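Chains as they are written, first to last, in my numbering: chain H, 741 to 1096; chain L, 741 to 1096.
Scroll down for the structure; my scribbles are underneath it.
Number of protein chains: 2
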Amino acid sequence: MSPVPPANDTLIRALLREPTPYTPVWLMRQAGRYLPEYMKTRARAGSFLALAKTPSLATEVTLQPLERFALDGAILFSDILNVPDAMGLGLYFAEGEGPRFERPGRDEASVARLAPPDPWAELRYVTDALAEIRRALAGRVPLIGFSGSPYTLACYMVEGGGSADFAIIKRMLYREPRLLHRILDVNARAVAAYLNAQIEAGAQAVMIFDTWGGSLSARAYEAFSLAYIARVLDALKREHAGERVPSIVYTKGGGLWLEAIAGAGCDALGLDWCASLGEARRRTVARVALQGNLDPAVLLATPEAVRAECAAVLADYGRGPGHVFNLGHGIVPSTPPENVKILVDAVHELSPAYHD
Amino acid sequence: MSPVPPANDTLIRALLREPTPYTPVWLMRQAGRYLPEYMKTRARAGSFLALAKTPSLATEVTLQPLERFALDGAILFSDILNVPDAMGLGLYFAEGEGPRFERPGRDEASVARLAPPDPWAELRYVTDALAEIRRALAGRVPLIGFSGSPYTLACYMVEGGGSADFAIIKRMLYREPRLLHRILDVNARAVAAYLNAQIEAGAQAVMIFDTWGGSLSARAYEAFSLAYIARVLDALKREHAGERVPSIVYTKGGGLWLEAIAGAGCDALGLDWCASLGEARRRTVARVALQGNLDPAVLLATPEAVRAECAAVLADYGRGPGHVFNLGHGIVPSTPPENVKILVDAVHELSPAYHD
């Protein structure tokens, strides 16, 4: 990997709240099922997991959206659940059901067996992919690494898969909080080691996806999700190869708790589409950059609606540095790729008016 | 129905922010699958819909939880979707799938056919049930009526059922907003007429369930959900038989928008468990009562945890009138009924300390 900063480092500068000539844009799940070329590579790989675990194929799909759209960042193609998978829980995808674990960890004995994996061994396919993507990017745009948050990983580890009400993990949270804290302690150490390995392997920014923290009460969120995100942030490398490595925390449904999340030690907050960027900016008063927050469903609309909603998001944030344009959640699979181009171009065309 | 106020009108007074000696409590889905006696009545009815549509059986299950627990209110047993069902969309329940409509309304022609039903005809089973429940209650506690919000009804009407991403209705929202506004206009008139009929039939408070408003962006929420809730509230009877009839608006995931919802003309806000009651109280500064907001998952825990979390919710609201204790969402089916008793008793035991 190169110690030279990327030719286009607008994303990194915006995440650090430094002035930029325009608002950089990348999109959650920008490499994914809405792209026909992704579907072809995935078919060649045979499965989502085979795709994520083969560095050359992960590299290929990571780069695909950059060929079509003028995106200001690349994000590693991988899964948020590979840390518990590397702990031996056996990640698999049931057709039409989302991720599941063969061996959920719910009792004393199975929790006692949990240990942080060595990212350079069990997660070597990730560090190898990052190194390969960095070489292929050759400094075009920065590369973002990521992981699920300790609590979000625990949701899948304890429930054994997704859930509508998270009754199993919440039962543990309120009945056996110490058991859940033990899982979260392992997860926090594992995620910190994993993200640090990603940084050494080539990630120039890292994002923590707290997809399910928003299912908690305010008090439980602080104790069981945010406290462990803060521990990960504390342990993260802040610089690598002479460059700052910004961190982004995204809690879906966390709009009520932005002040607390901004105080956890991250450089930027990812926002879902329920929060107003302008209000979030007032509430966090220049402590963090803000990333977001167009409703991904807007990309299902007409080109005119895409441009109008893009303009509304830029206006909501307002003038000045510290905004990274993104969706409030991942791209919906039925999104027409043409609309993604319209959005990315609209951000670049309309945003200079908000910068000096 | 009786013009005499109920013997226990603590709930009504708390909803109107009048002083009460303790905090009244009722629970969303207090009549439901966690009660063995409910399962028996439902088995006798043959199906959920037959149960909801037979006034004597709806009365029976509405009263069941009052026999076990010292609840301060009864809520009509019914479905939030019976208004669109009465419009002819054909509500049914696919096993393990939740509610669905046989004939979703997505195009110009089917939307043009939508019209508010006559609640005294097509929804007669509801007005009959309310009258029967009022007679059976004989003034013990107040009876709450309810409906889904115009936008929440539209979600099911357009999607044809539940959805993870609401891609179909949001596509309409951003591509054909006028078509969606037409549906919402019919729904607002229908919900207002339905709730007014419920009030005339015996409901002493009414609640609007905006289960899916929280899936919208802040701007879309105001334009497509809150604006129509406000129209319903404008058209609602505020008094009946010489008594005030308070209104409650509950937007799941709406914690960011409490100021706006409080300004829509309701007497009380229902809060999910993500919001802090104390913070919500500061943000709405005595304009509305607050109802909530224990995480229903707490009822899966130990009796000690139930009491501790109950105490925390009471402390979070703090001293003074205007709090109605409730869950932040419906009771989870796997809840042990003993824990519900512990909760209801704990509210009555611990709350007088917060009242003069």
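Backbone N, C-alpha and C define an ideal beta-carbon position, used for all residues, glycine too.
Computed from a predicted model, the values in this text were never measured in an experiment.
**Asked** Do you know offhand how far aspartate 1096/L's Cα is from threonine 750/L's?
**Response** By 1-based counting over the second sequence, the position of residue 1096/L is 356. By 1-based counting over the second sequence, the position of residue 750/L is 10. Going from the Cα of aspartate 1096/L to the Cα of threonine 750/L covers about 14 Å.
**Asked** If the cut is a Cβ gap below 9 Å, which residues of chain H does phenylalanine 906/L touch?
**Response** Position 166 of the second sequence holds residue 906/L. Going along chain H in sequence order, the residues near phenylalanine 906/L (Cβ under 9 Å) are Ala1037.
**Prompt:** Do you know whose CA, among Thr794/H, Arg782/H and Leu883/H, lies nearest leucine 806/H's CA?
**Reply:** Along the first sequence, one-based indexing puts residue 806/H at 66. The shortest Cα separation from leucine 806/H among Thr794/H, Arg782/H and Leu883/H belongs to Leu883/H.
**Prompt:** For asparagine 936/H, which residues from the same chain have a beta carbon less than 6 Å from its beta carbon, with the 5 sequence-adjacent residues on both sides left out?
**Reply:** Here residue 936/H refers to the residue found at position 196 when the first sequence is read from its first residue. For asparagine 936/H, where only same-chain residues beyond five positions count, the Cβ hits under 6 Å are Lys977.
**Prompt:** For a contact meaning CB atoms closer than 7 Å, what does serine 1016/L contact in chain H?
**Reply:** Translated into positions along the second sequence, residue 1016/L becomes position 276. Those are Ala958, listed as they occur along chain H.
**Asked** Nearest to serine 1091/H by CA position, among Pro1073/H, Ile1071/H, Val926/H and Ala1055/H, is which residue?
**Response** As a working mapping, residue 1091/H is identified with position 351 in the first sequence. Per the Cα distances, Ala1055/H.
**Item:** Candidates Asn1079/H, Asn1033/H and Ala1020/H, of which the one nearest arginine 1047/H by Cα
**Value:** In the first sequence, counting from the first residue as 1, residue 1047/H sits at position 307. Minimum Cα distance to arginine 1047/H is reached at Asn1079/H.
**Message:** Using a Cβ distance threshold of 8 Å, determine whether the region 962 to 976 of chain L contacts the region 886 to 906 of chain L, with at least three qualifying pairs required.
**Reply:** yes
**Item:** Residue span of the alpha helix (DSSP H) that contains tyrosine 914/H, given as start and end
**Value:** On the first sequence, residue 914/H is found 174 positions in, with the first residue counted as 1. Unbroken alpha helix (DSSP H) run through tyrosine 914/H: 907 to 915.
**Prompt:** Roughly how many angstroms lie between the CA atoms of isoleucine 988/L and tyrosine 914/H, to the nearest whole one?
**Reply:** By one-based count along the second sequence, residue 988/L stands at place 248. By one-based count along the first sequence, residue 914/H stands at place 174. One C-alpha to the other measures close to 29 Å.
**Request:** Consider the Cβ of tyrosine 719/H: report whether some Cβ of chain L lies at a distance smaller than 7 Å.
**Result:** A question about residue 719/H goes unanswered here, because the residues of chain H that appear run from 741 up to 1096.
**Prompt:** Exposed or buried, what is aspartate 847/L when buried is set at 16 or more other beta-carbons lying within 10 Å of its beta-carbon?
**Reply:** As a working note, residue 847/L is residue 107 in the second sequence. Exposed, because fewer than 16 other Cβ atoms sit within 10 Å of the Cβ of aspartate 847/L.
**Prompt:** Contact check, alanine 855/L vs methionine 827/L under 8 Å by CB: the rounded distance?
**Reply:** Numbered from 1 along the second sequence, position 115 holds the residue referred to as residue 855/L. Numbered from 1 along the second sequence, position 87 holds the residue referred to as residue 827/L. Contact flag correct, Cβ pair sits at about 7 Å.
**C-alpha distance - serine 965/H paired with valine 851/L, whole-angstrom precision** = Position 225 of the first sequence, counted from the start, is the residue given in the question as residue 965/H. Position 111 of the second sequence, counted from the start, is the residue given in the question as residue 851/L. Taking the straight line joining both Cα atoms gives about 44 Å.
**Request:** Would you check if the distance between the CB atom of valine 823/L and the CB atom of tyrosine 934/L is smaller than 7 Å?
**Result:** The sequence position of residue 823/L within the second sequence is 83, counting from 1. The sequence position of residue 934/L within the second sequence is 194, counting from 1. It is a contact, given that the beta carbons lie within the stated cut-off.
**DSSP bridge partner residues for valine 1084/L (one or two, in chain order)** = Position 344 of the second sequence, counted from the start, is the residue given in the question as residue 1084/L. DSSP lists no partner for valine 1084/L.
**Request:** Quick one: which unbroken alpha helix (DSSP H) runs of 4-plus residues sit fully inside the region 992 to 1030 of chain L? Chain order, please.
**Result:** 998 to 1002 and 1017 to 1024
**Prompt:** What in chain L is Cβ-close to alanine 1045/H, meaning under 8 Å?
**Reply:** Residue numbering aside, residue 1045/H sits at position 305 when the first sequence is read from its first letter. Neighbours of alanine 1045/H on chain L, chain order: Tyr914 and Arg915.
**Prompt:** What's the call for alanine 792/H, buried or exposed, on a 16-neighbour Cβ count within 10 Å?
**Reply:** As a working note, residue 792/H is residue 52 in the first sequence. Result: buried.
**Asked** Residue range of the beta strand (DSSP E) that aspartate 950/H falls in?
**Response** The residue you call residue 950/H lines up with position 210 of the first sequence. 945 to 950 is the extent of the beta strand (DSSP E) around aspartate 950/H.
**Prompt:** Using the beta-carbon count (16 or more within 10 Å), is proline 743/H buried or exposed?
**Reply:** Here residue 743/H is taken as the residue at index 3 of the first sequence, counted from 1. Here the model assigns proline 743/H a pLDDT of 47, short of 50, so the residue's position is not dependable and the matter cannot be decided.
**Asked** Does any C-beta atom of chain H lie closer than 7 Å to the C-beta of arginine 874/L?
**Response** In the second sequence, residue 874/L corresponds to position 134, counting from 1. Chain H, which has no Cβ nearer than 7 Å to the Cβ of arginine 874/L, makes this no.
**Message:** Using CA atoms only, rank isn't needed, just tell me which of Trp766/L, Arg773/L and Pro759/L is closest to proline 1073/L.
**Reply:** Here the question's residue 1073/L lines up with position 333 in the second sequence. For proline 1073/L, the nearest C-alpha among the options comes from Arg773/L.
**Asked** Given leucine 816/H, which residues of its chain have a CB within under 8 Å of its CB, disregarding the five upstream and five downstream residues?
**Response** As a working note, residue 816/H is residue 76 in the first sequence. Excluding residues within five positions, the ones whose Cβ falls inside 8 Å are Ala798, Thr802, Val866, Ala869, Leu870, Ile873, Leu883, Ile884, Gly885, Phe886, Gln938 and Ala943.
**Message:** Between the region 983 to 1002 of chain H and the region 1017 to 1028 of chain H, can you find at least three pairs of beta-carbon atoms closer than 8 Å?
**Reply:** yes
**Beta-carbon proximity list for tyrosine 1057/L, same chain, < 6 Å, skipping 5 on both sides** = Mapped onto the second sequence, residue 1057/L falls at position 317. Leu1017 and His1063, listed in sequence order.
**Prompt:** Do you know offhand how far glutamate 842/H's Cα is from glutamate 899/H's?
**Reply:** Position 102 of the first sequence, counted from the start, is the residue given in the question as residue 842/H. Position 159 of the first sequence, counted from the start, is the residue given in the question as residue 899/H. For glutamate 842/H and glutamate 899/H, the distance between alpha carbons rounds to 11 Å.
**Where threonine 1042/L meets chain H, residues with beta-carbon distance less than 8 Å** = On the second sequence, residue 1042/L is found 302 positions in, with the first residue counted as 1. Ordered by position in chain H, the residues that pass the 8 Å Cβ test against threonine 1042/L are Tyr914 and Arg915.
**DSSP three-state assignment for arginine 773/H, whether helix, strand or coil** = Residue numbering aside, residue 773/H sits at position 33 when the first sequence is read from its first letter. Looking at arginine 773/H - three-state DSSP - the assignment turns out to be coil, as it is neither helix nor strand.
**Message:** My assumption, with CB atoms under 8 Å, is that arginine 911/H sits in contact with leucine 1040/L. Please give the rounded CB distance.
**Reply:** Mapped onto the first sequence, residue 911/H falls at position 171. Mapped onto the second sequence, residue 1040/L falls at position 300. Sure, about 4 Å apart at Cβ, within 8 Å.
**Asked** Relative to the alpha-carbon of leucine 1030/L, which residue among Glu1049/L, Gly1060/L and Asp825/L has its alpha-carbon at the smallest distance?
**Response** Position 290 of the second sequence, counted from the first residue, corresponds to residue 1030/L. Looking at the Cα atoms, Gly1060/L is the closest of the given residues.
**Prompt:** Hey, is leucine 996/L's beta-carbon within less than 7 Å of any beta-carbon in chain H?
**Reply:** The residue labelled residue 996/L in the question sits at position 256 within the second sequence. Output row for leucine 996/L: interface = yes.
**Item:** Euclidean distance between Cα positions of arginine 840/L and valine 926/L
**Value:** By one-based count along the second sequence, residue 840/L stands at place 100. By one-based count along the second sequence, residue 926/L stands at place 186. Near 20 Å, if we compare the C-alpha coordinates of valine 926/L and arginine 840/L.
**Item:** Close Cβ partners of proline 859/H (< 6 Å) along its chain, the five nearest in sequence each way excluded
**Value:** Here the question's residue 859/H lines up with position 119 in the first sequence. Only Ala933, Tyr934 and Ala937 meet the Cβ criterion.
**Request:** Counting only the same chain and skipping the five closest in sequence on each side, list residues whose C-beta sits under 8 Å from that of leucine 755/L.
**Result:** Against the second sequence, residue 755/L aligns to sequence position 15. Contacts found: Ala945, Pro986, Ile988, Asp1007, Ala1008, Ala1029, Gln1031 and Val1064.
**Message:** Taking only three categories from DSSP, how would you classify phenylalanine 841/L?
**Reply:** As a working note, residue 841/L is residue 101 in the second sequence. Strand.
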